[in-house]
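Protein chains in written order, with the numbering used here: chain A, 912 to 1225; chain B, 4 to 196.
By construction, the Cβ of each residue, glycine as well, lies at the ideal position given by its N, Cα and C atoms.
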Amino acid sequence: MNRNLPLPRMSASIGGAFLALLLASAAFAAPARLASRRDPKEPPVRAVKGIHVTAVEGDSWLRHLGVPFIVSSMGRVANWGESPPTAPILAFSGERPDGDFVLSGADLYRLNCRSCHKADGSGVPPEINSIVGPIQATSAAMIRAQMKQRGAELDEKTVNQLATQARTSLLTRLQNGGEKMPPFRHLLPEEIEALSAYLEELAGIPGSDQKQILLLEPAPRVGEHLVKGTCHICHEANGPGLAVGIAVPEAIPSLASLPVDRFPYEVIRKVREGIARPKPMITSAHGQMPVFGSLTPGEIGAAYAYLVRYPPKP
Amino acid sequence: MKKIWILVASVCVPGVLLAGEIRGKVTCEGLSDNASAVVYVGKIAGKTFAPPKEHVTVDQANRVFQPHVLPVLAGTTVDFLNSDPYGHNVFSPDACADKFNLGTFPKGEKKSHTFHKECFAALLCIVHPEMEGFVAVLPTPYFAVTNSDGSYDIRDVPDGAYTLKVWHPKLKAAEKAVTVQGTATQADFRIAR
């Protein structure tokens, strides 16, 4: 089982036992349960084709921007919040580092966008913009409503033109990034479709509930979303790790160091609860890393496995 | 020599006397300040003005159209800049401004529109509904925008009798007759919803 996962150098046998425990705990939620648990009104699950997982590489986004971790809100806002309504699906999707995941647009948002734009999309202006206005601008219905409120009249052609322009601008921004926003080049058209549908729902666009789609994606891809969309904002792809048990202020371990220095359970605990070990050895504080309570153990496990299988590049 | 001075004086002094000034104060009832009112000389019968060749600029910075209200002579071209690190889409829903739509453009780019007709054109950004600005397209080049204390000053107005008008994005327009005769003419307004 999971022969692709090298164990941390500390103790291969203990590591193996923990990994086995982790996988066993995830494995009892078998894929077969997915069908019985899902709401019949939910859209059918589409298997995403053409996925080409690539390693995370280069500087963290904050280093790229030259912004110190301490002064930025990027990557660490509103992570205490509840999981989105679709998240329970994940719990029964047979998620495990070697299995497939069912992802909704809300899940893609949670893995790629939420750590900066917050659960409600409002961001942290002026550093991180709200996505609500730009999303609403892609809807002809919203534009008509806005103009009506102003007492202005626009012909259909102009309304549609405005909506199309706003959509093009948004997709370009997602693809190329902005001055402060990283590019999300790893997203495939179907993923963007699912994400857009959820963003529309978040922005309150009428009829968006009918557009939601579910995607079936392999675990490494889920790991790629999480690592590239969230972890890589603050963590360098390559570089030193942290010496075990010693708290170094403002040191952020590289992504490459995590599977070498830490067991999966440690990473999962650190990410979800803020504490890497049952008993912190030097400091009782959680440290500077935010807590990502909205991520599932399976997703973090998938990110760990992704880092092992696709070693981060300098 | 004396004759030359008399000649210079006879040419220049009437020129000075012919250009006056209209100034005063606009009180905007019910608003927190008296800024953004446009005070301008209305259409002068039998007189047309060539639009300036120089473009005027409206910037978009921190999601605000700057200036909030821009008065221009009809025929003026306005350059719209974007100083924000994200896209803005400038358009106007007003027919008198041809309902122009400059599309969404990124930081550092500039797009232009020529305002041909007299109009009070609202400027909007579809991406940021909170953004609103105005271009007041006017029939004469004699105009000013009030400061927050309501004061305004229109300079170099030729002597004559005019209709002085005031327009505000939120308040009812008003007008009054004024006569300019070399010196500064005082004209105050009180406008409300």
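For residue i, go through chain A and note every residue whose CB falls closer than 7 Å to its CB, in chain order.
i, result
"residue 131/B", "1044"
"residue 172/B", "Within chain A, no residue comes near residue 172/B; the closest Cβ sits about 12 Å away, beyond 7 Å."
"residue 175/B", "The contacting residues do not exist; residue 175/B stays about 15 Å from chain A at best."
Compare the C-alpha of residue i against each of the options and name the closest.
i, options, result
"residue 54/B", "43/B, 81/B and 61/B", "81/B"
"residue 964/A", "1097/A, 1148/A, 1111/A and 1183/A", "1097/A"
"residue 22/B", "184/B, 194/B, 195/B and 191/B", "184/B"
"residue 25/B", "31/B, 164/B and 195/B", "164/B"
"residue 1139/A", "981/A, 1027/A, 1110/A and 1079/A", "1027/A"
"residue 1221/A", "1172/A, 1149/A and 1173/A", "1149/A"
"residue 1124/A", "1142/A, 1103/A and 1144/A", "1103/A"
"residue 1201/A", "1163/A, 1064/A and 1100/A", "1163/A"
"residue 1078/A", "73/B, 119/B and 90/B", "90/B"
"residue 972/A", "1214/A, 1146/A, 1018/A and 1084/A", "1146/A"
"residue 88/B", "1182/A, 1014/A and 1093/A", "1093/A"
"residue 39/B", "33/B, 72/B, 56/B and 47/B", "72/B"
"residue 1018/A", "1151/A, 1113/A, 1219/A and 1199/A", "1113/A"
"residue 1048/A", "140/B, 139/B and 128/B", "128/B"
"residue 190/B", "34/B, 32/B, 42/B and 124/B", "42/B"
"residue 1067/A", "52/B, 69/B and 102/B", "102/B"
"residue 1218/A", "1131/A, 977/A and 1099/A", "1131/A"
"residue 1081/A", "1053/A, 1117/A, 1110/A and 1166/A", "1110/A"
Would you grab the beta carbon distance between residue i and residue j for me? Rounded to a whole angstrom, and I think it's under 8 Å.
i, j, result
"residue 176/B", "residue 121/B", "About 13 Å separates the two Cβ atoms, so there is no contact after all."
"residue 1074/A", "residue 1107/A", "Actually they are not in contact, since the Cβ atoms of residue 1074/A and residue 1107/A sit about 13 Å apart, beyond 8 Å."
"residue 30/B", "residue 196/B", "Actually they do not touch by this definition, with Cβ atoms about 13 Å apart."
"residue 1205/A", "residue 1021/A", "6 Å"
"residue 115/B", "residue 83/B", "7 Å"
"residue 3/B", "residue 1065/A", "Chain B is shown only over 4 to 196; residue 3/B falls outside these bounds and no answer can be derived."
"residue 92/B", "residue 1069/A", "Rounded, the Cβ-Cβ distance is 11 Å, inconsistent with contact."
"residue 962/A", "residue 1129/A", "7 Å"
"residue 1144/A", "residue 985/A", "5 Å"
"residue 118/B", "residue 138/B", "6 Å"
"residue 70/B", "residue 146/B", "Incorrect: roughly 13 Å between the Cβ atoms, too far for contact."
Any idea if residue i is buried or exposed, counting beta-carbon neighbours within 10 angstroms, 16 or more meaning buried?
i, result
"residue 975/A", "exposed"
"residue 1056/A", "exposed"
"residue 1086/A", "exposed"
"residue 1225/A", "exposed"
"residue 36/B", "exposed"
"residue 1195/A", "Low local confidence applies: a pLDDT of 47 at residue 1195/A is under 50, so the model's placement there is unreliable, with the coordinate-based value given in what follows. When all chains shown are included, residue 1195/A counts as exposed."
"residue 144/B", "buried"
"residue 49/B", "exposed"
"residue 1226/A", "For chain A, the structure presents residues 912 to 1225; residue 1226/A sits outside this window and is missing."
"residue 948/A", "Note on residue 948/A: pLDDT 45, under 50, position unreliable in the model; the coordinate value appears next. Exposed, since its Cβ has fewer than 16 Cβ neighbours within 10 Å."
"residue 98/B", "exposed"
"residue 168/B", "buried"
"residue 173/B", "exposed"
"residue 1011/A", "buried"
"residue 1015/A", "buried"
"residue 65/B", "exposed"
"residue 982/A", "exposed"
"residue 1181/A", "buried"
"residue 1210/A", "buried"
"residue 63/B", "buried"
"residue 179/B", "exposed"
"residue 3/B", "It is not possible to answer for residue 3/B, since the shown part of chain B is limited to 4 through 196."
"residue 1208/A", "buried"
"residue 1136/A", "buried"
"residue 1029/A", "buried"
"residue 1076/A", "buried"
What does residue i reach in chain B if we use C-beta pairs closer than 7 Å?
i, result
"residue 1091/A", "88"
"residue 1069/A", "102 and 104"
"residue 1119/A", "The premise fails here: residue 1119/A is roughly 18 Å from chain B at the closest Cβ pair, so nothing lies under 7 Å."
"residue 1086/A", "What residue 1086/A touches in chain B: nothing, since even the nearest Cβ is about 13 Å away."
"residue 1057/A", "132"
Which residues in chain B sit within 8 Å of residue i, going by Cβ to Cβ distance?
i, result
"residue 1163/A", "Under the 8 Å cutoff, chain B gives no residues; its nearest Cβ is about 25 Å from residue 1163/A."
"residue 1040/A", "89"
"residue 1065/A", "96 and 102"
"residue 1054/A", "129"
"residue 1073/A", "92, 94, 104 and 129"
"residue 1200/A", "Ordered by position in chain B, no residue passes the 8 Å Cβ test against residue 1200/A, which lies about 27 Å from the chain."
"residue 1080/A", "90, 92, 107 and 130"
Taking Cβ-Cβ distances shorter than 8 Å, what residues in chain A pair up with residue i?
i, result
"residue 113/B", "Near residue 113/B there are no residues of chain A at all, since even the closest Cβ is about 17 Å away, more than 8 Å."
"residue 106/B", "1076"
Could you confirm whether any beta carbon from chain C is found closer than 9 Å to the beta carbon of residue i?
i, result
"residue 1211/A", "No chain C is present in this structure, whose protein chains are A and B."
So with CB distances below 9 Å, who are the chain B contacts of residue i?
i, result
"residue 1048/A", "92, 107, 128, 129, 130, 131 and 132"
"residue 983/A", "Correct list: empty, because the minimum Cβ distance to chain B is about 15 Å."
So residue i contacts chain A; which residues on that side make the cut at Cβ distance below 9 Å?
i, result
"residue 110/B", "1089 and 1090"
Validate contact between the segment 126-137 of chain B and the segment 150-157 of chain B using beta carbons, cut 8 Å, 3 pairs: The segment 126-137 of chain B is not in contact with the segment 150-157 of chain B.
Touch check for the segment 1057-1066 of chain A and the segment 1173-1182 of chain A: three-plus C-beta pairs under 8 Å? Too few Cβ pairs lie closer than 8 Å, so no.
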